[in-house]
Amino acid sequence: MEDLGFTDKFQSQMMKRLKERTGIFLICGETGMGKSTTMYAMMMKLRDERLKVISVEDPVEREIEGIVQTQINETSGFGYEKAIFAALRQDPDYICIGEIRSRETAGALIRSSLTGHRVLSTIHAHDFESAKRRLEDFGIREEYIDLSLSTVMNQRLYLE
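Under the working numbering, the first residue of the sequence shown is numbered 2, with each subsequent residue one higher.
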């Protein structure tokens with residue numbers, strides 16, 4: 002994460018949040034703002050902490066040694082929901098979901114969190130309120146969102 006330009010203090014705060022026992026760490030931002038890059042950096046930090054990290058992605062954008070990465074295949078019936086529940090059976094310390102794009106993915110993500118799992122994911126949204134609204138648009142009740150989200154990080158690139 003050092004390469005991403007985050008201050009030491011910010012990195013320390015992020016790691017503290019990532020180590021919380023349950024909940025969703027959600028990275029939101031517009032397209033092209035580096036959400037996936039940040040998520041991959043966080044996954045590597047979690048791996049370095051010797052945590053069992055399983056990711057569910059479409060597609061796997063970059064392979065990371067020491068992390069179980071699963072690529073979904075909707076045409077064969079192996080979508081996000083099935084992949085997430087398969088990941089849960091492997092007793093992960095963290096589940097990383099590449100992006101919340103559908104009702105099914107949002108529901109599986111919330112259920113994972115509510116059953117005590119730690120989750121890291123991204124969503125296309127401008128800020129916290131629009132991220133919450135998107136989850137509600139996917140049919141997630143507000144009280145489940147409030148119970149599940151532990152950290153929401155809004156990311157924007159700063160161009161010099």
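Note that the Cβ used here is the ideal one computed from N, Cα and C, for glycine as well.
Here the structure is a predicted model, which is why all the values come from computation and not from measurement.
| task | Please find out if some non-hydrogen atom of the ligand GTP comes closer than 7 Å to the beta-carbon of F129. | result | With respect to the ligand GTP, the structure shown offers nothing to examine, as it has no ligands at all.
| field | Residue nearest to Q14 in terms of C-alpha spacing, selected from T152, G24, L121 | value | T152
| Burial state of A88, where buried means 16 or more other Cβ atoms lie within 10 Å | buried
| said: For G30, tell me which candidate among T39, Q70, I98 has the shortest Cα-Cα distance. | reply: T39
| task | Decide if T71 is buried, meaning its Cβ has at least 16 other Cβ atoms within 10 Å, or exposed. | result | buried
| query | Mapping DSSP to helix, strand and coil, what is F26? | reply | strand
| said: Strictly by DSSP, which residues pair up with Y95? | reply: V54
| Three-state secondary structure (DSSP) of T38 | helix
| message | Is it buried or exposed, S77, if we count other Cβ atoms within 10 angstroms and call 16 or more buried? | response | exposed
| query | What residues in its chain sit with their C-beta under 8 Å from that of R157, if we drop five residues either side in the sequence? | reply | G30, E31, M34
| the region 2–11 / the region 91–108 touching (three or more Cβ pairs under 8 Å) | no
| query | If you draw a straight line from the C-alpha of S122 to the C-alpha of D9, how long is it? | reply | 22 Å
| task | Evaluate E58 with the Cβ neighbour count: other Cβ atoms within 10 Å of its Cβ, from every protein chain shown; 16 or more gives buried, anything less gives exposed. | result | buried
| message | I'd like to know whether the C-beta atoms of M43 and L27 end up nearer to each other than 8 Å. | response | no
| message | By alpha-carbon positions, which one of G140, M16, E130, R142 ends up nearest to N155? | response | E130
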